[in-house]
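Trainee: Quick note on this note's numbering: the sequence shown kicks off at 3 and runs consecutively.
Yeah, the Cβ is synthetic: ideal placement off N, Cα and C, and Gly gets one too.
Let me give you the structure first, and then I'll get to my questions.
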Amino acid sequence: MKIVKLTENVAVSAQITPENVAEIAAAGYKVLVNNRPDGEEANQPGNADIAAAAKAAGLEYHYMPITAGNFPGPDFGQMRMLLDDTALPVLAFCRSGTRCANLWVASRDDESSKQARALARQLGYDLSMSTP
Numbered sequence: 003m004k005i006v007k008l009t010e011n012v013a014v015s016a017q018i019t020p021e022n023v024a025e026i027a028a029a030g031y032k033v034l035v036n037n038r039p040d041g042e043e044a045n046q047p048g049n050a051d052i053a054a055a056a057k058a059a060g061l062e063y064h065y066m067p068i069t070a071g072n073f074p075g076p077d078f079g080q081m082r083m084l085l086d087d088t089a090l091p092v093l094a095f096c097r098s099g100t101r102c103a104n105l106w107v108a109s110r111d112d113e114s115s116k117q118a119r120a121l122a123r124q125l126g127y128d129l130s131m132s133t134p
């Protein structure tokens with residue numbers, strides 16, 4: 003599992019497994035956000051299994067699946083609040099981390115948007131979902 007920090011309090015990752023959750027909690031994250039729809043790919047760990055592991059590890063867990071077709075999704079307002087809460091470090095994951103990085107960029111205000119976009123591109127993320 004590779005965690006990519008976008009800020010001191012926000013990071014993204016590719017698909018995780020329930021076995022990764024204890025390591026995520028040990029790394030100091032308090033909130034785990036799943037931006038990947040169940041059943042998107044064969045053998046993908048299910049939301050319920052990851053949610054149970056998050057609960058066991060004491061993490062706040064949110065299932066907010068999005069696709070390119072419904073970006074930024076119906077839970078975007080709540081996602082934005084989670085990403086802005088500096089008291090609770092967040093790790094968001096999807097298949098590759100790209101959707102999560104796009105959500106982070108889209109959630110930034112006009113002032114910080116350019117910096118966020120530049121950082122995410124530098125880290126190798128395709129930002130076509132969040133491009134206006």
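Three or more C-beta pairs closer than 8 Å, one from the region 68 to 79 and one from the region 105 to 112: is that the case here?
Mentor: Contact between the region 68 to 79 and the region 105 to 112 is present, because at least three Cβ pairs lie under 8 Å.
Trainee: From Leu125, Gln124, Thr100, pick the residue whose C-alpha is nearest to that of Ser132; which is it?
Mentor: Here residue 132 corresponds to residue number 130 of the sequence shown, with the count starting at 1. The option with the nearest alpha carbon to Ser132 is Thr100.
Trainee: Out of Leu125, Arg123, Ala50, Asp87, which has the shortest C-alpha to C-alpha gap to Met66?
Mentor: Against the sequence shown, residue 66 aligns to sequence position 64. Looking at the Cα atoms, Ala50 is the closest of the given residues.
Trainee: Would you kindly work out how many angstroms separate the C-alpha atoms of Ala55 and Lys7, rounded to a whole number?
Mentor: Numbered from its first residue, the sequence shown carries residue 55 at position 53. Numbered from its first residue, the sequence shown carries residue 7 at position 5. Roughly 22 Å separates the two Cα atoms.
Trainee: Which residues in the same chain as Ala127 place their Cβ atom closer than 6 Å to its Cβ, once the five residues preceding and following it in sequence are excluded?
Mentor: By 1-based counting over the sequence shown, the position of residue 127 is 125. The identity of residue 127 in the sequence shown is Tyr, whereas the question assumes Ala. Answer for Tyr127: Thr100, Ala103, listed in chain order.
Trainee: Could you give the C-beta distance for Ser15 and Lys4, rounded to a whole number, given that I count them as a contact under 8 Å?
Mentor: On the sequence shown, position 13 is the one that residue 15 refers to. On the sequence shown, position 2 is the one that residue 4 refers to. Their Cβ separation, rounded to whole angstroms, is 7 Å, which keeps Ser15 and Lys4 in contact under 8 Å.
Trainee: Would you decide whether Arg123 is buried or exposed? Buried here means 16 or more other CB atoms lie within 10 Å of its CB.
Mentor: Position 121 of the sequence shown, counted from the start, is the residue given in the question as residue 123. Result: exposed.
Trainee: List the whole-angstrom C-beta distance separating Ile68 from Asn37, where the pair is believed to meet the contact cut-off of C-beta under 8 Å.
Mentor: Working through the sequence shown from its first residue, we reach residue 68 at position 66. Working through the sequence shown from its first residue, we reach residue 37 at position 35. Sure, about 5 Å apart at Cβ, within 8 Å.
Trainee: Let's test the definition: count the other Cβ atoms within 10 Å of the Cβ of Leu34 and tell me whether it reaches 16, buried, or not, exposed.
Mentor: Here residue 34 is taken as the residue at index 32 of the sequence shown, counted from 1. Buried, since its Cβ has 16 or more Cβ neighbours within 10 Å.
Trainee: Using the DSSP secondary-structure output, state which residues sit across from Ala94 in a beta bridge.
Mentor: The residue you call residue 94 lines up with position 92 of the sequence shown. Beta-bridge pairing links Ala94 to Val14, Val35.
Trainee: So who's on the other strand from Lys7, going by DSSP bridges?
Mentor: Within the sequence shown, the letter at position 5 stands for residue 7. For Lys7, which the question treats as bridged, DSSP gives the partners Ala13.
Trainee: Measure the Cβ-Cβ separation of Phe95 and Gln17 and say whether it is below 8 Å.
Mentor: Position 93 of the sequence shown, counting from 1, holds the residue named residue 95. Position 15 of the sequence shown, counting from 1, holds the residue named residue 17. Yes, the Cβ-Cβ distance between Phe95 and Gln17 is below 8 Å.
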